[in-house]
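Below is one structure, written out as structure tokens; the observations come after it.
Protein chains: 2
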Amino acid sequence: MPTLSVFTDVPMAQKLEGSLLKTYKQDDNPNKMFLAYKVCMTSEGKPWVSSVVRKTRMQIAQDPSLNYEYTPVMGMKSFVQASLNLLFGKNSQVIVENRAGGVQTVGDSGAFQLGAQFLKTWCQNSQIVYIVSSQKEPHGLIFQDMGFTVYEYTFWDSAHLCLDANTLLNVLEDAPHGCIFVIGSIGNCQLTPSQWTQLMTLMKSKEIFPFFDIPHQGLSTGDLEEDASFLHYFVSQGFEFFCSQSLSKNFGIYDEGVGTLVVVALNNQLLLRVLSQLMNFARALWLNPPTTGVRIITSILCNPAMQGEWRQSLEGVVENIMMTKEKVKEKLRLLGTPGSWDHITEQKGSHSYLGLNSQQVEYLISEKHIYIPKNGRINFTCINSYNIDYITSSINEAVCFTKDSEK
Amino acid sequence: MPTLSVFTDVPMAQKLEGSLLKTYKQDDNPNKMFLAYKVCMTSEGKPWVSSVVRKTRMQIAQDPSLNYEYTPVMGMKSFVQASLNLLFGKNSQVIVENRAGGVQTVGDSGAFQLGAQFLKTWCQNSQIVYIVSSQKEPHGLIFQDMGFTVYEYTFWDSAHLCLDANTLLNVLEDAPHGCIFVIGSIGNCQLTPSQWTQLMTLMKSKEIFPFFDIPHQGLSTGDLEEDASFLHYFVSQGFEFFCSQSLSKNFGIYDEGVGTLVVVALNNQLLLRVLSQLMNFARALWLNPPTTGVRIITSILCNPAMQGEWRQSLEGVVENIMMTKEKVKEKLRLLGTPGSWDHITEQKGSHSYLGLNSQQVEYLISEKHIYIPKNGRINFTCINSYNIDYITSSINEAVCFTKDSEK
């Protein structure tokens, strides 16, 4: 007796991302390389893990006193407090005034999911979202799936090869009243004081709601405080905001999905009301967030010696990134590659624009089997002593070839 | 300059659950006890952890070869396969025919969230959900929040003090065509072959979609295969279904939220289409599910000696539960408590009905500070040698008191 399937009308879902990685994996060429991994890689091409994490993991496994009961819906309290302190500083205005709080989430996707659900329900005037292009997948899609209208923006000026605050200000100028603005590493833009004033005035007058994204505090400049310092501008101007704070990448525990949705409100009473609603959403999403990652992180953050070791490990990663960038620039100079490559070292953090056009990117992929995203923004920690010569000579080839073909 | 808050209209959320636990915690009486914990407790009143878990946790922490990169959206492949094998048996029809699959989820709440999102989108004729009362919170609320109409049912017959298949059949008789039926431990109902036939016929003719809930396979009878054996009836009758399979409780790693949303479809092609859609939902929910729990479980399931040790630990828990139930019954007999208490030992698993009415429950809470849910369904692993005498004499008092007051 043949039965009709309940699932007859369900189509195969469109694959949303990872096509570059998939093409890379299917490539048989022995020289192939992938320069778009999300996480920091070691010089041996392995995902970076802070050395202090390994020790802490062992200590936790050996501790017979630990209780493996369900965690509260809001997450481990000591963890949330430690991550708020990390973000704002223990003595910051919002912490002292008791108007910053947070919910532990399953990674930063979880934080965006939770925040978007709240905004969908409680801020129905704000159903338009602006998000930086590189975060369209996956975070922009979360808003889109929920029915928000999502616009992408960028502050990379490809003509002048720099991160440009004016580009951002222009986007804000055009954005509608009351929209949601997802803001990533705005600190890298190096806004002047007058640009900051302009930005604040624009956002205030348009009642734009900031949703910050801090995916790897400490891995931009090597200094935890500096990486989050732009938040103080917003706090001091009396903004309310959400912030997705991920602590997976800067500890190197990618597989535990450790995130926090941080809330800053005008006062404690408003904060508690927002948190109570977020708790109900979190209960339906995952009820009890997982613990191993937050246990490791809380142990490290609450122990000054271990925190010091962690901070040093972050500095080490950032020093290596800067060294790699300098080497790439120098090798391109020695090869006589046309153009200035200063923009490589002027950008901060692991992920930076190479400053190549789409034709040059295409050349690198198809001719040299070097897989980089269309916008030319690569992960510099994927470059190491084993592959730097191949990569720089390939970039040189790509630039010369496309210059020649222009003539 | 006072600013208007974005959150002005956000009210404090209603607390949804945990009020019993909260009242218990606020009680100052030194004799107070809580008999409604979700997890199995040891005789020392601590959450139970399978002994093999501790060793495995240590081995994993010590393994330098492990990669802590992001897990795939669908979860760890080897884990999903191992949990499917556990549920159906390696050589079962659905596994051999490649039409059972799964997505790793964050606990069973995550599995219900994922499944409900899918059904909301792709099975729009099925927007009515029946769920067993004890699962209304939290799983029923997930459906309700998404806009489903949710009805509660029970198969506990409080008049005859037994789990009654006819109650369930009556509910199915009344349920509308094409609804979703969340089915928990139906195995405990001990349906006769003719009742099974009746159940299947009803569900088939009404095109009712089963959404099974296996929260702790092995902790009902102590036998993993027996606890999931009722699934074979549905498989053999050609049903398609979802199943939330949680592996947190039966390993004792409550804080890692290890779940799977299992899908059974008529054929592999349909299965792949459903899984592809589920992957998109999972990407927006948490992108990468956490790993520690699944690593521990996969290590144990894939190692015959360790799996054997785990199975033995489950048998031990169930033996203790049965012993406790026998003791409670015997003590009530010795106290001369009115009524038969056979229903206590006739029920399987940690959570069973005491068979008390609401007045008796109220008496236990207010007079004896013994906190049990209104329906009188308690966790028998909360009873141990230290508290059994107080509990049984209190039950005796409650029964005698309410009997007397009836006169």
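Protein chains in written order, with UniProt numbering: chain A, 1 to 407; chain L, 1 to 407. Backbone N, C-alpha and C define an ideal beta-carbon position, used for all residues, glycine too.
Segments of 3+ residues assigned as beta strand (DSSP E) that fall wholly inside the stretch 374-407 of chain L: As far as the stretch 374-407 of chain L is concerned, its whole beta strand (DSSP E) runs of at least 3 residues are 377-379.
Between glutamate 256/L and the rest of its own chain, which residues show a CB-CB distance below 6 Å, the 5 nearest in sequence each way excluded? Excluding sequence neighbours, glutamate 256/L sits near Thr292 and Gly293.
Any C-beta of chain A within less than 7 Å: which residues of the stretch 50-68 of chain L qualify? Arg57, Met58, Ala61, Gln62, Asn67 and Tyr68
Which residues in the same chain as methionine 1/A place their Cβ atom closer than 6 Å to its Cβ, once the five residues preceding and following it in sequence are excluded? Low confidence applies here, because methionine 1/A scores a pLDDT of 41, under 50, leaving its location unreliable; read the following figure in that light. In its chain, beyond the 5 residues on either side, no residue has a beta carbon closer than 6 Å to the beta carbon of methionine 1/A.
Would valine 328/A pass as a contact of isoleucine 365/A if the rule is Cβ separation under 8 Å? It is not a contact, given that the beta carbons lie outside the stated cut-off.
Is it right to say aspartate 389/A is buried, meaning 16 or more other beta carbons lie within 10 angstroms of its own, or is it exposed? exposed
Hey, which unbroken runs of the beta strand (DSSP E) at 3 residues or more fall wholly within the stretch 39-122 of chain A? Within the stretch 39-122 of chain A, the complete beta strand (DSSP E) runs of at least 3 residues are 100-106.
Checking 8 Å against the spacing of the C-beta atoms, do isoleucine 180/L and phenylalanine 212/L come in under that value? no
Closest Cα partner of lysine 46/L within the set Leu35/L, Leu87/L and Leu332/L: That would be Leu35/L, whose Cα lies nearest to the Cα of lysine 46/L.
Measure from the alpha carbon of leucine 356/L to the alpha carbon of each residue in His232/L, Ala159/L and Met322/L, then state which is nearest. Ala159/L
Could you spell out the range, first to last residue, of the beta strand (DSSP E) harbouring proline 210/L? 209-214
Buried/exposed call for arginine 333/L, threshold 16 Cβ in 10 Å: exposed
Is it right to say asparagine 267/A is buried, meaning 16 or more other beta carbons lie within 10 angstroms of its own, or is it exposed? exposed
Would you tell me roughly how many angstroms separate the C-alpha atoms of phenylalanine 241/L and isoleucine 208/L, rounded to the nearest one? 10 Å
Could you pull the DSSP bridge partners for cysteine 189/A from this structure? BP columns for cysteine 189/A are empty, so no partner.
Nearest to threonine 337/A by alpha carbon, out of Thr121/A, His177/A and Asn396/A? Asn396/A
What residues in the stretch 186-200 of chain L bring their beta carbon closer than 7 Å to a beta carbon of chain A? none
Please decide whether asparagine 268/L counts as near chain A, where near means a Cβ-Cβ distance under 8 Å. no
Between the stretch 55-67 of chain A and the stretch 52-61 of chain L, are three or more C-beta pairs nearer than 8 Å? At 8 Å Cβ cutoff, the stretches touch.
Residues in its own chain within less than 6 Å of serine 246/L by CB, not counting five upstream and five downstream? Closer than 6 Å at Cβ, skipping near neighbours: Asp108, Pro215 and Gly259.
Just to confirm before moving on: does the CB-CB distance between serine 350/L and leucine 219/L stay below 8 Å? yes
Any residues in the stretch 112-134 of chain A with a beta carbon nearer than 7 Å to a beta carbon of chain D? Which ones, in chain order? Although the question refers to chain D, the structure presented lacks it and instead comprises the protein chains A and L.
Range covered by the alpha helix (DSSP H) that runs through glutamate 152/A: Note, glutamate 152/A: premise wrong, no alpha helix (DSSP H); beta strand (DSSP E) at 149-153.
Can you tell me whether methionine 323/A is buried or exposed, with buried defined as 16 or more other CB within 10 angstroms of its CB? With fewer than 16 other Cβ atoms inside 10 Å of its own Cβ, methionine 323/A counts as exposed.
Could you check which residue in Ile378/A, Met12/A and Leu275/A has the C-alpha nearest to that of valine 274/L? Met12/A
Give me the DSSP bridge partner(s) of tyrosine 353/L. Arg377/L
Taking all protein chains shown into account, decide if asparagine 29/L is buried (16 or more other Cβ within 10 angstroms of its Cβ) or exposed. Asparagine 29/L should be labelled exposed.
Beta bridge counterpart(s) of serine 244/A as assigned by DSSP: Asp213/A and Leu261/A
Is tyrosine 37/A helix, strand or coil by DSSP? coil
Does the CB of methionine 323/L have a neighbour CB from chain A at under 8 Å? no
Run the proximity test for serine 83/L: is its beta-carbon closer than 7 Å to any non-hydrogen atom belonging to the ligand GTP? This structure does not include the ligand GTP; it has no bound ligands of any sort.
Can you give me the C-alpha to C-alpha distance between methionine 279/A and alanine 282/L, rounded to a whole angstrom? Within the model, the alpha-carbon separation for methionine 279/A versus alanine 282/L is close to 20 Å.
Could you work out which residues of chain L lie near valine 6/A, taking near to mean beta carbons separated by less than 7 Å? What valine 6/A touches in chain L: Cys123, Phe209 and Glu240.
Assumed close pair isoleucine 95/L, leucine 86/L - CB separation to whole angstroms, cut-off 8 Å: At roughly 11 Å, the Cβ-Cβ gap does not stay under 8 Å, so isoleucine 95/L and leucine 86/L are not in contact.
Going by alpha carbons, who is nearest to tyrosine 37/L out of Gln26/L, Leu314/L, Gly101/L and Leu20/L? Leu20/L
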